[in-house]
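Heads up: the sequence shown begins at 111 in this note's numbering, then just goes up one per residue.
Ideal placement from N, C-alpha and C gives every residue a C-beta, glycine not left out.
Okay, structure first, notes after.
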Amino acid sequence: MAVVEGTLAFENLDTHEMYQGQSTGKYSVVISLDEQTAEQLAGMGVKLREYEGTKQRKFSTKYDVPVLDADGNPFAGRIGRGSKVRLLWAEGQPHPVHGTSTYLNKVKVLEVAEQEGGEDF
């Protein structure tokens with residue numbers, strides 16, 4: 111098991127992610143990474159994507175994912191984009207084309223991002 115921290119970009123933790131109108135059968139998160147963390151993952155053979163100059167990685171699983179708050183208690187509510195999270199994940203077998211798989215095991219929400227919009231929307 112490994113641990114990684116980053117900023118939440120996308121999450122599908124309460125429902126399976128959808129692709130072209132079909133369920134993938136997986137729960138997932140995509141996090142934005144700082145340069146040092148991105149280099150560490152790349153050194154492990156994990157393929158990264160870049161979005162607006164920031165490295166990102168998707169972590170997924172077929173199983174329900176426990177989500178905890180910073181104190182280790184069950185997290186209530188939805189994790190907003192931009193929240194700081196820590197992921198517990200397992201490294202899969204290396205693949206020559208797709209790189210090393212990243213299997214999500216647990217999410218800890220370290221800092222919840224304020225959501226824009228809301229009542230005036």
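- The C-alpha of L214 lies about 14 Å from the C-alpha of G135.
- Annotated as distal: Y137 and V177, with beta-carbon spacing of 8 Å or more.
- In this structure, E115 sits near T147, with a CB-CB distance shorter than 8 Å.
- The segment 150–160 makes no contact with the segment 187–200; the number of CB pairs closer than 8 Å stays below 3.
- A check of alpha carbon separations from V156 across S133, P204, V113 identifies P204 as the nearest.
- Within the same chain, G116, T117, A119, T164, Q166 come within 6 Å of S142 by CB-CB distance, once the 5 residues on both sides are set aside.
- Going by DSSP, A148 is part of the alpha helix (DSSP H) stretching over 145–153.
- For the set V140, Q225, M128, the Cα lying nearest the Cα of T212 is the one of V140.
- In the structure shown, G182 falls within a coil segment according to DSSP collapsed to helix, strand and coil.
- DSSP, reduced to helix, strand and coil, places I189 outside both helices and strands of the structure shown, so it counts as coil.
- In the three-state reduction of the DSSP assignment, Q132 falls in the strand class, which pools E and B.
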